[in-house]
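> Residue numbers 375 to 715, in the working numbering, belong to the letters of the sequence shown in order.
Here it is, the structure, as structure tokens.
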Amino acid sequence: MEDQNCLIDVGPTREEVTGEGFPVAPPPIYTCTLTPELVAKAREQLQEKPEWRPRDVQALRDMILKDHPNLRTRLDDAFLLRFLRARKFDYDRALQLLLNYHASRKAWPEVFQDLKPSAVKHVLDLGFLTVLPRPDPHGRYILCLRPGKWRPNDYPFVDNIRAIYLTLEKLIQPEETQVNGIVILVDYAGVGLSQASNPGPLLAKKVVSILQDGFPIRIKAVNIINEPRIFKGIFAIIKPFLKEKMAERFVLHGSDLASLHRVIPPSVLPEEYGGVSGRLDMSAWSRTLLEAEEEFVVEFCQPDPLEGVILPDSMLFEGEQAGAHGEDSFRHLRSQLYYCY
């Protein structure tokens, strides 16, 4: 039986709207934009039942209003569905994710203060990140990171985190990404000791905490290519903070493009990675983000959403005092990185 709550005719295609093939935001008043195939996928993988969708969204909204009446957060259907889908419609876990999402802003002001694309234009111009214009055969957009493009003397590493976060915010807007998830491709070509030894364990912990527990996105795979010998030291910093399921999604390919092509077909990859979709264009995604400046100003350049909100003790980024112990461990790892060189 056709889903009566899911209207498929949503107007222009993303190609017509953007010209680049990137995902576009849904309309302001919620109308389901999922195809029948994605409706079925969401039902099977995310426990999302279209006939129960209004009830589920209202249940999460009621929990927020009852338990956290002072929380300054969006309560519209499209926004709340991001958190329900990311936690397979478990109300309690979706609420915790929403609280973590807002708590991360308070815990890491140097990332979230005045967060807008124009503030990270230097990162975008450098080519540190982009999004490939074609999704993979599973409908997952591919976030491509090139940390070798960054030099510690250019700007603080935290600016890279700001650019990644803005990219994730843009990617998560369309419902297809909420259901399909994304894939991350990290090219370590050109990464040397200065880049590898710069982010410490506390910074790594915060980044991983946001990606795993503080943002409503499904990261389905992290493909690492051209990793240097020192990557074992880099991964040793990150792995203690990864959940088992996430750690299993890291795949190291080295310089073996045939291995990469087994998980990401050449049809969606640029020529640099043995693909056939043309040269890697770093400017297209930059334009997409910069053109969304106003919506990010509305979303992030506002008063603290947690002002007056009492949060549980066991929130995201707890244990900042553990940073000293982490730095001791990092000093040992740094000596290992030097040994690799």
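Just so it is clear, CB atoms sit at the ideal spot from N, CA and C, and this is done for glycine as well.
1) Quick one: what does DSSP say residue 650 is sitting in, helix, strand or coil?
2) What distance in whole Å lies between the Cβ atoms of residue 475 and residue 589, which are believed to be in contact at a cut-off of 8 Å?
3) Check this for me: beta carbons of residue 524 and residue 500, under 8 Å apart or not?
4) In three-state DSSP terms, what is residue 531?
5) Use the C-beta contact count for residue 702: other C-beta atoms within 10 angstroms, 16 or more gives buried, fewer gives exposed.
6) Say whether the stretch 548 to 568 touches the stretch 660 to 672, bearing in mind that this needs 3 or more beta-carbon pairs closer than 8 Å, one atom from each stretch.
7) Residue 627 by DSSP, collapsed to three states: which one?
8) Contact between the stretch 636 to 653 and the stretch 501 to 520: three or more CB pairs below 8 Å?
9) Are the stretch 414 to 434 and the stretch 559 to 567 in contact at 8 Å, needing three or more beta carbon pairs?
10) Given this structure, state the Cα-to-Cα distance separating residue 620 from residue 567, to the nearest angstrom.
11) On the three-pair Cβ rule with 8 Å, is the stretch 479 to 496 touching the stretch 433 to 453?
12) Between which two residues does the beta strand (DSSP E) carrying residue 416 extend?
13) By the three-class DSSP mapping on this structure, what secondary structure does residue 447 have?
14) Which runs of the beta strand (DSSP E), 3 residues or longer, sit entirely within the stretch 471 to 527?
15) Would you call the CB atoms of residue 404 and residue 437 closer than 8 Å?
16) What beta strand (DSSP E) runs, 3 residues minimum, are completely inside the stretch 548 to 618?
17) Measure the alpha-carbon distance for residue 578 versus residue 616 and round it to whole angstroms.
18) Take the Cβ of residue 644 as the centre, count every other Cβ of all protein chains shown within 10 Å, and call the residue buried at 16 or more, exposed below.
19) Helix, strand or coil: how does DSSP classify residue 692 here?
20) Nearest-angstrom Cα distance between residue 693 and residue 648?
21) Counting only beta-carbon separations shorter than 8 Å, does residue 410 have a partner in chain B?
22) Quick one: residues in its chain with C-beta nearer than 6 Å to the C-beta of residue 522, no 5 flanking neighbours on either side, listed in chain order?
23) Looking only at its chain, what residues have a beta carbon closer than 6 Å to the beta carbon of residue 623, apart from the 5 residues adjacent to it on each side?
24) Count the other CB atoms, across all protein chains shown, that sit within 10 Å of the CB of residue 414; report buried if there are 16 or more and exposed otherwise.
25) Measuring alpha carbon to alpha carbon, tell me which of 531, 583, 602 and 661 ends up nearest residue 471.
26) Applying the criterion that 16 or more other CB atoms from any shown protein chain within 10 Å of the CB defines a buried residue, is residue 328 buried or exposed?
27) Using a threshold of 8 Å, state whether the C-beta atoms of residue 469 and residue 430 are closer than that.
28) Would you mind sorting residue 580 into buried or exposed? The rule is 16 or more other CB atoms within 10 Å of its CB.
29) Taking the C-alpha atoms as reference points, what is the distance between residue 479 and residue 489?
30) Can you list, in chain order, the residues of its chain with a C-beta nearer than 7 Å to that of residue 601? Leave out the 5 residues immediately preceding and following it.
31) In or out: residue 554 buried (at least 16 other Cβ within 10 Å) or exposed?
32) Let's test the definition: count the other Cβ atoms within 10 Å of the Cβ of residue 417 and tell me whether it reaches 16, buried, or not, exposed.
33) Locate the alpha helix (DSSP H) running through residue 671, then write down its first and last residues.
34) In the DSSP assignment, find the unbroken alpha helix (DSSP H) run with residue 437 in it and report its ends.
Taking the structure as given:
1) Here residue 650 sits in coil by DSSP.
2) Rounded, the Cβ-Cβ distance is 6 Å, consistent with contact.
3) Inclusion of residue 524 and residue 500 in the CB contact set at 8 Å is warranted, their separation being smaller than that value.
4) In the structure shown, the three-state DSSP call for residue 531 is coil.
5) At residue 702 the pLDDT is 47, less than 50, meaning the model places this residue with poor confidence; the figure from the coordinates comes in the next sentence. Exposed, by the Cβ-count rule.
6) Counting C-beta pairs closer than 8 Å gives fewer than three between the stretch 548 to 568 and the stretch 660 to 672, which falls short of the contact rule.
7) Here residue 627 sits in strand by DSSP.
8) Two segments are said to touch when three or more pairs of C-beta atoms, one from each, lie closer than 8 Å; by this definition the stretch 636 to 653 touches the stretch 501 to 520.
9) The stretch 414 to 434 is not in contact with the stretch 559 to 567.
10) Rounded to the nearest angstrom, the two C-alpha atoms are 26 Å apart.
11) The stretch 479 to 496 vs the stretch 433 to 453: no contact.
12) Following the DSSP letters along the chain, one finds residue 416 in no beta strand (DSSP E) but inside the alpha helix (DSSP H) bounded by residues 410 to 420.
13) Shown here, residue 447 sits in coil according to DSSP, grouped into three states, outside any helix or strand.
14) The stretch 471 to 527 contains these whole beta strand (DSSP E) runs: 503 to 505 and 515 to 519.
15) No; because the gap between Cβ atoms is not below 8 Å, this pair is not in contact.
16) The beta strand (DSSP E) runs lying completely inside the stretch 548 to 618 and spanning 3 residues or more are 556 to 561 and 593 to 599, given in chain order.
17) So the alpha carbons of these two residues sit roughly 10 Å apart.
18) Using a 10 angstroms sphere on the CB of residue 644, the tally of other CB atoms reaches 16 or more, which defines it as buried.
19) With a pLDDT of 47 at residue 692, under the threshold of 50, the modelled position of this residue cannot be trusted, and the question is left open.
20) Confidence at residue 693 is low in this model, with a pLDDT of 40, below 50, so its placement is unreliable and no value can be given for it.
21) In summary, chain B is missing from the structure at hand, where a single protein chain is found.
22) Within its own chain, the residues whose Cβ lies closer than 6 Å to the Cβ of residue 522, once the five positions on either side in sequence are excluded, are 563, 564 and 565, listed in chain order.
23) Contacts found: 595 and 596.
24) Residue 414 comes out exposed.
25) If we check each option's Cα against that of residue 471, 583 comes out closest.
26) The structure shown has nothing for residue 328, since the chain only spans 375 to 715.
27) No.
28) Per the 10 Å Cβ criterion, buried.
29) A direct Cα-to-Cα measurement between residue 479 and residue 489 gives close to 10 Å.
30) Taking residue 601 as the centre and dropping the five residues before and after it, the same chain places the C-beta of 562, 626 and 628 closer than 7 Å to its C-beta, in chain order.
31) Under this definition residue 554 is a buried residue.
32) That one is exposed.
33) Annotation for residue 671: the continuous alpha helix (DSSP H) segment containing it runs 667 to 674.
34) For residue 437, the uninterrupted alpha helix (DSSP H) segment begins and ends at 427 to 441.
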